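*Asks:*
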Amino acid sequence: IPLHFYSCVDCGTVINPKLARVQVEGGVVQAIGMALYEDVRYSNNGRLETNNLMTYKIPTRQDIGELHTDFVESYEPTGGFGAKSIGEVVINTGCPAIQHAIKNAVGA
41 IPLHFYSCVD
51 CGTVINPKLA
61 RVQVEGGVVQ
71 AIGMALYEDV
81 RYSNNGRLET
91 NNLMTYKIPT
101 RQDIGELHTD
111 FVESYEPTGG
121 FGAKSIGEVV
131 INTGCPAIQH
141 AIKNAVGA
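Sequential numbering of the sequence shown, starting at 41, is according to this note's numbering.
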C-alpha cells in the first residue's frame, strides 16, 4: 500500500522552486527504492544475479504514494545567492526515516 512521504527541506534560499521540488521528489523516490526495493544478489560463484530491471527492482510511480514537500528557507552565507545543496540531504535522510517509521509501526 503506497503511503504518504513528507519532506521538509532547508536548502538555503530556494532559487527555483519547481526544480527544487522535483529534486527533492527524485531523491525521496531513490531513498524509498534503496530502503524497500533494491537488492543486489550474487550467486555462489560470485556472478551478479540482479543485473537487469526485471531482477533488480526499483520503485515505479505506482509504488510511490503521495509526496509532500515543503521548504524552510534560510540564508547560507557561503552559498551562491544564499543557497545550499539539496540532493544529498533527501537521499541521505530518506532511508533512516523509513526505518524509523517501520520500527514505530511494528512496535519494536
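Built from N, CA and C at the ideal position, the CB exists for glycine as well.
Everything numeric in this text was worked out from a predicted model, so none of it was measured.
Excluding the 5 residues flanking I138 on each side, which residues of the same chain have their C-beta closer than 6 Å to its C-beta?
*Replies:* Closer than 6 Å at the Cβ level, and outside the excluded window around I138, lie A75.
*Asks:* Please list, in chain order, all residues of the same chain as V64 whose beta carbon is under 6 Å from its beta carbon, the five residues on each side excluded.
*Replies:* Contacts found: S47, V49, T109, V130.
*Asks:* Return the chain-ordered list of same chain residues with a C-beta closer than 6 Å to the C-beta of A71, the five sequence neighbours on each side being excluded.
*Replies:* Correct list, in chain order: I131, G134, C135.
*Asks:* Name the DSSP beta bridge partners of T109, please?
*Replies:* Bridge partners of T109: S47.
*Asks:* Heavy atom of the ligand FMN less than 7 Å from the Cβ of V64, yes or no?
*Replies:* Of the ligands one can find in the structure shown there are none, so the ligand FMN has no counterpart to examine.
*Asks:* Going by the beta-carbon positions, is the gap between A123 and G67 smaller than 8 Å?
*Replies:* No, these two residues do not count as a Cβ contact at 8 Å.
*Asks:* Residues in the same chain with beta-carbon distance under 6 Å from K97, minus the five sequence neighbours each way, listed in chain order, please.
*Replies:* Result list for K97: Y77, in chain order.
*Asks:* Got a sec? Which residues, its chain only, sit under 6 Å from T90 by beta carbon, not counting five neighbours each side?
*Replies:* V80, R81, Y96, listed in sequence order.
*Asks:* Can you give me the Cβ contacts of A60 inside the same chain, cut-off strictly under 7 Å, excluding the 5 residues immediately before and after it?
*Replies:* Hits under 7 Å: C51, V54, F111, I126.
*Asks:* Which residues in the same chain have their Cβ closer than 7 Å to the Cβ of L88, if we skip the five residues on either side of it in sequence?
*Replies:* Closer than 7 Å at Cβ, skipping near neighbours: Y82.
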